[in-house]
Structure formats: C-alpha cells, structure tokens
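The C-terminal residue of the sequence shown carries number 897 in the numbering used here, and the numbering is unbroken.
What follows is a short report on a single structure.
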Amino acid sequence: MAACLKPQVNQIGRRWRLASRIRLANIKASQHPKQTFTAVVGCLVILLTANIALSNRETEGSFAPTLSEIATMEPLFDGFRHIQANKTVQQNRIFGMAAEGKVLHARLDSLIALPVKTHSDSIRIVSDYRRLEQIVKSLNNNTHAKN
C-alpha cells in the first residue's frame, strides 16, 4: 500500500515544497525552543479539550443500537436464514439423488446379470437406465453450477 501511495505523496511534497518548509521550520524551532515548546503544547491542549468536549456532547446511548435499528436488520437475517434453509434442502436433494442413483445402479447390475430376462425385466432395465441417466445429468449440472 505504501509503495502505491509513494509517487502521489512525493508529487504533493514537490508541489507544496514541503521539504524546504520543514527545513525552515526546524531551523526556527532550533533558534526558539521555548516558543516551539509552548506552541506544540498549546496545540495539543486545544485538541485535547476539543476532543473531550465533542465526546461529552454525544450521549452514551448513541452507541447502543436502538430498537428500530434492530428491527430493520431482522429482514436481512430472515433472508439469510431462508437462503441457508434452501441450501440445506438442495443439498439433501442432491444426496438423495446420489443415493437413488446408487440403488438404481445396483438394481441395473443385478438385472443385467440375469441369464434369462423377462419382458418386464427388460422394461425395468430401460426405465431404470433412463432414470439413472437423468440423475447423472442433474448431478453433473449441479457440480458445474458450483464451479
């Protein structure tokens, strides 16, 4: 960050001739140490009293959130809870689909392994295979959407 700001600070220093002014101020300060000390302490006292006065003007309750501020944040938290609930539902559906796909895969393996298949076995193989294809496509789409 400092390296990024260094050129701008150097340009401002050259434009306002800060180096020469600082040198002159140091020369005057070394020639008049008591006046310099008085000026510095005076400025610090003025800043301290101004800071105390401004901090006393603010009430202590201003730092505590008011009921209306809390009430305006509640829809934000409700939205966050809604998003988290939907995310949980989606994850449960994905896990359910993966489990269903494993069951279908095992059923297909057992049906294909049968030496003699009936007409209903063939229909079940085709329908289970199509359902397994749909599950795989859906899971692949969810995987690509997350990336």
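Where a beta carbon is used, it is the ideal one built from N, C-alpha and C, also for glycine.
Exposure label - residue i; buried when at least 16 CB within 10 Å
i	result
Leu854	buried
Ile873	exposed
Given residue i as reference, the closest of the options once Cα atoms are compared
i	options	result
Glu850	Val886, Met751, Lys756 and Arg767	Val886
Phe845	Ser877, Phe827, Thr893 and Asn801	Thr893
Sub-9 Å separation of residue i and residue j beta-carbons
i	j	result
Leu861	Ile875	yes
Ala779	Thr788	no
Leu768	Ile762	yes
Leu882	Asp871	no
Reduced DSSP category for residue i - H, G, I as helix; E, B as strand; rest coil
i	result
Leu864	coil
Arg748	Residue 748 is absent from the structure shown; the chain starts at 751 and stops at 897.
Met751	coil
Arg767	coil
His869	helix
His782	coil
Residue i to residue j span [Cα, whole Å]
i	j	result
Ile833	Lys852	29 Å
Asn891	Gln884	11 Å
Leu798	Ser805	11 Å
Asp859	Tyr879	10 Å
Gln758	Arg773	21 Å
Ala752	Asn842	49 Å
Ala803	Ile796	10 Å
Ala800	Arg771	28 Å
Cys793	Lys784	14 Å
Thr822	Ala848	41 Å
Thr838	Arg857	28 Å
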